[in-house]
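Heads up, the thing below is written out as structure tokens.
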Amino acid sequence: MTSNPTVLFICQHNAGRSQLAAALLEHLAGDRFTATSAGLSPAEEVNPAVAATVAELGMDITDRVPREVTASDLESADVVVLMKPGLALPSTPRGKVLDWTFPNPETWDADAVRPLREAVSDKITAAFLAR
Numbered sequence: 014m015t016s017n018p019t020v021l022f023i024c025q026h027n028a029g030r031s032q033l034a035a036a037l038l039e040h041l042a043g044d045r046f047t048a049t050s051a052g053l054s055p056a057e058e059v060n061p062a063v064a065a066t067v068a069e070l071g072m073d074i075t076d077r078v079p080r081e082v083t084a085s086d087l088e089s090a091d092v093v094v095l096m097k098p099g100l101a102l103p104s105t106p107r108g109k110v111l112d113w114t115f116p117n118p119e120t121w122d123a124d125a126v127r128p129l130r131e132a133v134s135d136k137i138t139a140a141f142l143a144r
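Printed below as a string of structure tokens:
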């Protein structure tokens, strides 16, 4: 039995973009992938506006805690998705690296996050599910 591919989403604070992407991959792909997320300088909590837009899909991510990406994360991930260009990682990822460019929703309300949620959803569908 082979394990599901692990996809690691990384952004600066692991509070918005990467949390959103991991939740969307879980939502869209079910158990076909293991979705994780991390950041370079973690925030204290998941962005409430991001959590609210994910809740609209029936998922609660308010209990998730932003965390720092580790060399072990990068070694174990089959795919590493950088949610912003130019992130300086602590080591070289073992798996495939995808560079995506999404704005930081740090100061946005839920109305502003919804189009980002849809754009990330579309990108995940194209990259992982349209096969």
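Be aware that the sequence shown starts at 14, since it is given in the working numbering, and climbs by one per residue. Backbone N, C-alpha and C define an ideal beta-carbon position, used for all residues, glycine too.
Compare the Cα-Cα distances from residue i to each of the options and report the closest residue.
{"i": "Asn117", "options": "Ala123, Asn17 and Gln25", "result": "Gln25"}
{"i": "Val82", "options": "Ala65, Leu100 and Leu70", "result": "Leu100"}
{"i": "Pro106", "options": "Ala90, Glu131 and Arg80", "result": "Ala90"}
{"i": "Val133", "options": "Ile74, Thr19, Gly29 and Glu57", "result": "Gly29"}
{"i": "Ala84", "options": "Asp76, Arg77, Val78 and Val93", "result": "Val93"}
{"i": "Gly43", "options": "Thr19, Ala51, Ala65 and Lys109", "result": "Thr19"}
Could you spell out where the beta strand (DSSP E) holding residue i opens and where it closes?
{"i": "Asp112", "result": "Lys109 to Asp112"}
{"i": "Ala48", "result": "Thr47 to Gly52"}
What do you get for residue i, buried or exposed, if any count of 16 or more other CB atoms within 10 angstroms of its CB means buried?
{"i": "Arg45", "result": "exposed"}
{"i": "Ala125", "result": "exposed"}
{"i": "Glu39", "result": "buried"}
If I follow the unbroken alpha helix (DSSP H) through residue i, where does it start and stop?
{"i": "Thr66", "result": "Pro61 to Ala68"}
{"i": "Val7", "result": "What the structure shows of the chain is the stretch from 14 to 144, and residue 7 is not part of that stretch, so it cannot be assessed."}
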